[in-house]
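Per the numbering used here, the very first residue in the sequence shown carries number 21; after that it's consecutive. Virtual Cβ for every residue (Gly too), placed ideally from N, Cα, C. Bear in mind the structure is a predicted one, so any value in this text is a computation, not a measurement. The structure appears right after this line, and notes come after that.
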Amino acid sequence: MIDEGRLSTRLGKPLRFLLVGGAFALGYSVATALLVGPAGLPAFATSVLLYVACIPAAFFVQARFTFTGQKARRGGFLVYAAMQVVSLALVASVTTRFVTQVFVLDTLLFLATAGTAALVSYAVNDRLAFGPKA
């Protein structure tokens with residue numbers, strides 16, 4: 021028999037992670053595309069700086085909104101930040117190879133890349149960065 025309360029809790033956390041990650045990915049994608057395209061800033065440096073700037077804010081929101089029944093483990097921020105660095109490497113690699121200077125295409129490119137990184141990040145952070153509250 022399915023425990024509906026537990027199932028709701030299990031589905032709720034990934035959904036909340038998706039909402040937070042999606043909001044940050046969308047903000048990152050649009051800001052990067054605007055700064056790289058119309059503003060003409062260098063793609064690699066812009067991508068890296070914006071991605072790094074999002075890490076502390078995203079951790080704070082994930083801790084308060086997504087992992088509400090958990091607490092950050094000792095070193096949890098370091099795990100979270102390390103996952104973001106891996107994600108940054110993926111995003112920066114794609115940025116330098118496939119940026120088109122076309123706003124819509126670049127927005128989709130940055131969004132798809134950041135979204136993929138978010139999926140991996142959820143799996144790692146749920147298991148390693150956050151744990152049950154004492």
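Less than 7 Å between C-beta atoms, sequence neighbours within five positions excluded: which residues of the same chain meet that for residue i?
i          : result
residue 83 : 92
residue 86 : 33, 36, 37 and 40
Hey, how far is the Cα of residue i from the Cα of residue j?
i           : j           : result
residue 111 : residue 133 : 6 Å
residue 99  : residue 109 : 15 Å
residue 57  : residue 152 : 44 Å
residue 67  : residue 117 : 13 Å
residue 102 : residue 63  : 22 Å
residue 90  : residue 42  : 21 Å
residue 130 : residue 124 : 10 Å
residue 104 : residue 54  : 22 Å
residue 24  : residue 75  : Because residue 24 carries a pLDDT of 46, less than 50, the predicted location of this residue cannot be relied on, and the following value inherits that uncertainty. So the alpha carbons of these two residues sit roughly 34 Å apart.
residue 140 : residue 79  : 15 Å
residue 144 : residue 136 : 13 Å
residue 61  : residue 120 : 13 Å
residue 46  : residue 138 : 12 Å
Count the other CB atoms, across all protein chains shown, that sit within 10 Å of the CB of residue i; report buried if there are 16 or more and exposed otherwise.
i          : result
residue 96 : buried
residue 65 : exposed
Once the 5 residues before and after residue i are set aside, which same chain residues still bring their CB inside 6 Å of it?
i          : result
residue 28 : Residue placement at residue 28 is flagged as unreliable, the pLDDT there being 47, under the threshold of 50; the coordinate-derived value follows with that caveat. Nothing meets the Cβ criterion.
Thinking residue i and residue j are a contact (beta carbons under 8 Å), I'd like their distance in whole angstroms, please.
i          : j           : result
residue 72 : residue 127 : With a Cβ gap of about 20 Å, residue 72 and residue 127 do not count as contacting.
I'd like the list of long-range same chain contacts for residue i, defined as Cβ closer than 8 Å, with 5 residues on each side in sequence excluded.
i          : result
residue 48 : 70, 71, 74, 130 and 134
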